[in-house]
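Chemist:
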Amino acid sequence: MLSVTDVGATYVLMLLLFRAPMGDIPWTHTIVLRYSLVALGSLATVNGLFGPISDEYYYALELFSIFNAISCYIMVLQGKAYEDQDLHGKVAVVTGANSGIGLETARQLAQMGAHVVFACRSKERAEEAMDSVRVSSGSKKLEFMPLDVSSLASVREFAAAFLKTNRPLDILINNAGVNNYYRKETVDGFEAMFGTNFLGPFLLTNLLLPALLKAEEGRVVNVGSCVMKWARSIPFEDLNSKTKYGTGQGVYNWTKWANYLFTLELHRRYADTVLTVNCAHPGLVISNMQKNMHPLLDKIANLFNWVRPFLQQTGEQGAYTPVFAATCRHLTGGHYLARSEVEKLPKRFEDADLARRLWDVACPLVGLPADYHVTPSSN
């Protein structure tokens, strides 16, 4: 029978095998890895695996274990509930609102009184999600509109349908995204994470600008991730990751950085308007993204399901920071948010020239003219 030490060692080994080098291990698994290493060290020491040790070394190891546990726990706590705002009369669009962070974001906005549009691929799953929100919030102002953010045609159809209603759009939450172990392509021929995590939200936001600028105060929230800090560069020479994909985590990292660069450039271009744009890191959240892991790694990770509540947040907790970004009255734009507060990033992640270059490259890819710009007077 496997001991805790054996299971921990196997998990660490599989992480290193399937997500090597270390810089390519997902942030969530890094925390599990740290817990595992601490547990292995403690258990191995207690069991005398490496021979007798002094009391001083034993107590030092225990203090190290406690320190790591506390630091990991702090990293997990990435959000705090924000005071309710009165959103009656406001319209919010949440992409990927049928599950996880998107669903809980939609729920919290509905509880504040907003009319929430569930922008999802599956009508059936969206209706199940809306039923859940109706029960918990009592809101009847919930609406489904079909959207597959990985399809540029679907994005255009959604934007056209929304603009046709002639409603102002107060809040846009770009939440939908993917993280794939195996390389896939969108219907438009783009690598799936590049197309879904960046190009889709880029086009959707730009096409919805007439409605956002019509609002009293339009808010755009791009749901980001702390793993962007592991991205080394934006691979302009291979944006579709045809020559370098690996396990896919590196691609996910830089597409999340691209989201933040998009946030910065959108803020710069519309800083003198009613638009407020921010990027929100929800924290480490229990979600269905694990289904896209390598099958063997997925099975090993399932061995640790019992500890996941201690390592990750619920969807409700993960929604706190995006909702904060969407509703805080005094929040300015152009920021990266974590734990419901502005976090200052190293300068290399806030490169204005890089943000401008990425914008210029993205426009022709999604079919927007290079000089695309929307002004409030054009509404």
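Residue numbers for the sequence shown, in this note's numbering: 857 to 1235. C-beta atoms are modelled at their ideal positions from N, C-alpha and C, and glycine is treated no differently.
1) By Cβ distance below 6 Å, which residues in the same chain neighbour G1051 in space, the five residues on each side in sequence not counted?
2) Name the residue from L1068, A1194 and T1183 whose alpha carbon lies nearest to the alpha carbon of T1231.
3) According to DSSP, simplified to helix, strand and coil, what is T1188?
4) Is the CB-CB distance between C976 and A970 below 7 Å?
5) By the DSSP assignment, the beta strand (DSSP E) with V973 in it spans what residues?
6) T1052 bridges to which residues according to DSSP?
7) In the DSSP assignment, what are the bridge partners of R1075?
8) Just to confirm before moving on: does the CB-CB distance between S1097 and V1083 stay below 7 Å?
9) How about N1179 and T951: are their beta carbons less than 7 Å apart?
10) What are the complete alpha helix (DSSP H) segments, minimum 4 residues, inside the segment 1191-1234?
11) What is the rounded straight-line gap between the Cα of V973 and the Cα of L959?
12) For D1227, count neighbouring Cβ atoms within 10 angstroms of its own Cβ and tell me buried if that reaches 16, exposed if not.
13) Report the three-state DSSP secondary structure of F1046 (helix, strand or coil).
14) Measuring only the C-alpha atoms, how far is K996 from M968?
15) Using the rule of at least 16 other Cβ atoms within 10 Å of the residue's Cβ for burial, across every protein chain shown, is S993 buried or exposed?
16) Thinking just about the alpha-carbon of each residue, which of V1133, A966, E1047 and L1122 is nearest to the one in L1210?
17) Are the segment 1089-1104 and the segment 1205-1223 touching, with three or more C-beta to C-beta distances below 8 Å?
18) What would DSSP say about V1005, mapped onto helix, strand or coil?
19) Would you kindly check if the distance between the Cβ of N1078 and the Cβ of N1036 is under 7 Å?
20) Rounding to the nearest angstrom, what Cα-Cα distance links H1191 and A1181 in this structure?
21) Cutting at 6 Å between CB atoms, please list the residues of its own chain near H1229, excluding the five before and the five after it.
22) Please say whether D1026 and V947 have beta carbons closer to each other than 7 Å?
23) Could you compute how far the alpha carbon of L1188 sits from the alpha carbon of K1070?
24) Can you check which of these residues, R1204, L1193 and T1183, is closest to L965 by C-alpha distance?
25) Roughly how many angstroms lie between the CA atoms of N1062 and D1044, to the nearest whole one?
26) Start and end of the beta strand (DSSP E) containing A948?
27) Does the Cβ-Cβ distance between E1136 and L1193 come in under 7 Å?
28) Compute the Euclidean distance between the alpha carbons of L1019 and G1056, then round it to the nearest angstrom.
29) Pop quiz: N1134 and T1111 are said to be a contact at Cβ under 8 Å. What is the actual Cβ separation, rounded to whole angstroms?
30) Go to R1088, then tell me how far its alpha helix (DSSP H) extends in each direction, as first and last residue.
31) Taking DSSP as the reference, what is the three-state secondary structure of H944?
32) With a threshold of 8 Å on Cβ separation, who are the neighbours of A985 within its own chain once the five nearest residues in sequence on each side are excluded?
33) Given a cut-off of 7 Å, decide if V1222 and L1028 are closer than it, judged by their beta-carbon atoms.
34) How close, in whole Å, do the beta carbons of F1014 and P1002 come, if the pair is a contact with beta carbons under 8 Å?
35) How should D1004 be labelled, buried or exposed, when 16 other C-beta atoms within 10 angstroms of its C-beta is the threshold for buried?
Modeler: Let me lay it out:
1) The answer, listed in chain order, is S1006 and T1042.
2) Of the candidates L1068, A1194 and T1183, the one whose C-alpha sits nearest the C-alpha of T1231 is L1068.
3) In the three-state DSSP reduction, T1188 falls in the coil class, being neither helix nor strand.
4) No.
5) V973 -> beta strand (DSSP E) spans H971 to C976.
6) DSSP lists no partner for T1052.
7) Residue pairing by DSSP puts R1075 in a beta bridge opposite I1027 and T1132.
8) Not closer than 7 Å, so no.
9) According to the sequence shown, residue 1179 is Val rather than Asn. Not in contact: V1179 and T951 (Cβ atoms no closer than 7 Å).
10) If we require 4 residues or more, the alpha helix (DSSP H) runs fully inside the segment 1191-1234 come out as 1208-1222.
11) A direct Cα-to-Cα measurement between V973 and L959 gives close to 11 Å.
12) Within a 10 Å sphere around the beta-carbon of D1227 sit fewer than 16 other beta-carbons, which makes this residue exposed.
13) Residue state for F1046 is assigned as coil, using DSSP reduced to three classes.
14) Those two C-alpha atoms are separated by around 12 Å.
15) Buried, by the Cβ-count rule.
16) For L1210, the closest of V1133, A966, E1047 and L1122 by C-alpha to C-alpha distance is L1122.
17) Yes, the segment 1089-1104 is in contact with the segment 1205-1223.
18) When DSSP states are grouped into helix, strand and coil, V1005 belongs to the coil group.
19) Inclusion of N1036 and N1078 in the CB contact set at 7 Å is not warranted, their separation being larger than that value.
20) Those two C-alpha atoms are separated by around 9 Å.
21) The answer is none, since no qualifying residue turns up.
22) Closer than 7 Å, so yes.
23) The identity of residue 1188 in the sequence shown is Thr, whereas the question assumes Leu. A direct Cα-to-Cα measurement between T1188 and K1070 gives close to 18 Å.
24) Comparing Cα-Cα distances from L965 to each of R1204, L1193 and T1183, the minimum goes to T1183.
25) Taking the straight line joining both Cα atoms gives about 18 Å.
26) Looking at the DSSP string, the run of the beta strand (DSSP E) that includes A948 is V947 to T951.
27) The amino acid occupying residue 1136 in the given sequence is Ala; Glu does not appear at that position. Going by beta carbons, A1136 and L1193 fall inside the 7 Å limit.
28) Each residue's alpha carbon lies about 17 Å from the other.
29) With a contact defined as Cβ atoms closer than 8 Å, N1134 and T1111 miss out at about 18 Å.
30) Where R1088 is concerned, there is no enclosing alpha helix (DSSP H), given that its DSSP letter is neither H nor E.
31) The answer is coil: DSSP assigns H944 none of H, G, I, E or B.
32) Around A985: A953, N954, S955, L959, A962, F974 and C976.
33) Taking the C-beta atoms as reference points, V1222 is found no nearer than 7 Å to L1028.
34) Correct: roughly 7 Å between the Cβ atoms.
35) Taking all protein chains shown into account, D1004 has 16 or more neighbouring C-beta atoms within 10 Å of its C-beta and is therefore buried.
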